[in-house]
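Asker: Mapping of the sequence shown onto UniProt numbering: residues 1 to 180, in sequence order.
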Amino acid sequence: MQEEREFIKKLLNPKTQNEAFKELLMEYQRPLYHHIRNIVLNHDDADDVLQNTFVKVFQYLKNFKGESKLFSWMYRIATNEALSFLNKKSKINEISSEELQNKTIDNLRADVFFDGNEIQLKLQKAIANLPEKQQLVFKMKYFEELKYEEISEILGTSVGALKASYHHAVKKIEAFVTVN
Numbered sequence: 001m002q003e004e005r006e007f008i009k010k011l012l013n014p015k016t017q018n019e020a021f022k023e024l025l026m027e028y029q030r031p032l033y034h035h036i037r038n039i040v041l042n043h044d045d046a047d048d049v050l051q052n053t054f055v056k057v058f059q060y061l062k063n064f065k066g067e068s069k070l071f072s073w074m075y076r077i078a079t080n081e082a083l084s085f086l087n088k089k090s091k092i093n094e095i096s097s098e099e100l101q102n103k104t105i106d107n108l109r110a111d112v113f114f115d116g117n118e119i120q121l122k123l124q125k126a127i128a129n130l131p132e133k134q135q136l137v138f139k140m141k142y143f144e145e146l147k148y149e150e151i152s153e154i155l156g157t158s159v160g161a162l163k164a165s166y167h168h169a170v171k172k173i174e175a176f177v178t179v180n
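1) If we count Cβ pairs, one from each stretch, closer than 8 Å, do we get three or more for the segment 160-178 versus the segment 60-76?
2) For the segment 117-180, list the beta strand (DSSP E) runs that are entirely contained and at least 3 residues long, ordered along the chain.
3) Looking at lysine 139 and isoleucine 39, is the spacing between their C-beta atoms short of 8 Å?
4) Check whether the segment 24-42 touches the segment 78-89, counting contact only when three or more Cβ pairs, one atom from each stretch, lie closer than 8 Å.
5) With a Cβ-Cβ cutoff of 8 Å, do tyrosine 142 and valine 159 count as a contact?
6) Mind reading off the beta-carbon distance from isoleucine 151 to valine 137? Whole number of angstroms is fine, and I expect it under 8 Å.
7) If you follow the alpha helix (DSSP H) that lysine 56 is part of, which residue opens it and which one closes it?
8) What do you reckon, are the CB atoms on isoleucine 105 and leucine 121 nearer than 8 Å?
9) Return the first residue and the last residue of the alpha helix (DSSP H) that glutamate 67 is part of.
10) Taking 8 Å as the threshold (C-beta atoms), are alanine 128 and glutamate 174 in contact?
11) So the candidates are Ile95, Asn102 and Glu132; which of them puts its Cα closest to the Cα of lysine 125?
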């Protein structure tokens, strides 16, 4: 934790912030991209949201209180940016967020950055049918292999509630995959 505080000081110091921000990008760009991509599903959209995330991180770092890990704080920003992006996109297209997700899943076959097969498309459709919170918990636990404690910090939810959400999500996904 002391090491993280020193790193944050470097990020906030005008003399060292450029170099420190490059370090931050090297460390978190890939995992944040994958986290965002799991939410928005589309590569180009994920790139846009990732860029907005790092702008917000840089803009609000001075407000970071250190009550959570920097990693958790950045993931929370990325999650909120991704969800806001999807809400805006569904409003612009005048469709529900569920319709937007289904449309995006249907377009995954044409996405050169998606290397999944029919089973993975079916899994994405099953996930799209879950409530938003269960989607987030399932994706963070299943795809990103985050620990419940990390997800708890990111989403601000108790570990017990997360375990219940994950369990319900798995059961719904199993039912969807079995029926379809």
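All C-beta atoms in this analysis are idealised placements derived from N, C-alpha and C, irrespective of residue type, glycine included.
Answerer: The relevant details are as follows:
1) They do not touch, by the three-pair rule.
2) If only uninterrupted beta strand (DSSP E) runs of at least 3 residues are considered, none is enclosed by the segment 117-180.
3) Yes; because the gap between Cβ atoms is below 8 Å, this pair is in contact.
4) As far as the Cβ criterion goes, the segment 24-42 touches the segment 78-89, which means the pair count is three or higher.
5) The criterion of a C-beta distance shorter than 8 Å is not satisfied by tyrosine 142 and valine 159.
6) 6 Å between Cβ atoms; contact.
7) Boundaries of the alpha helix (DSSP H) harbouring lysine 56: 43-60, taken from the DSSP string.
8) Yes; because the gap between Cβ atoms is below 8 Å, this pair is in contact.
9) Note, glutamate 67: premise wrong, no alpha helix (DSSP H); not H, not E.
10) No, these two residues do not count as a Cβ contact at 8 Å.
11) That would be Asn102, whose Cα lies nearest to the Cα of lysine 125.
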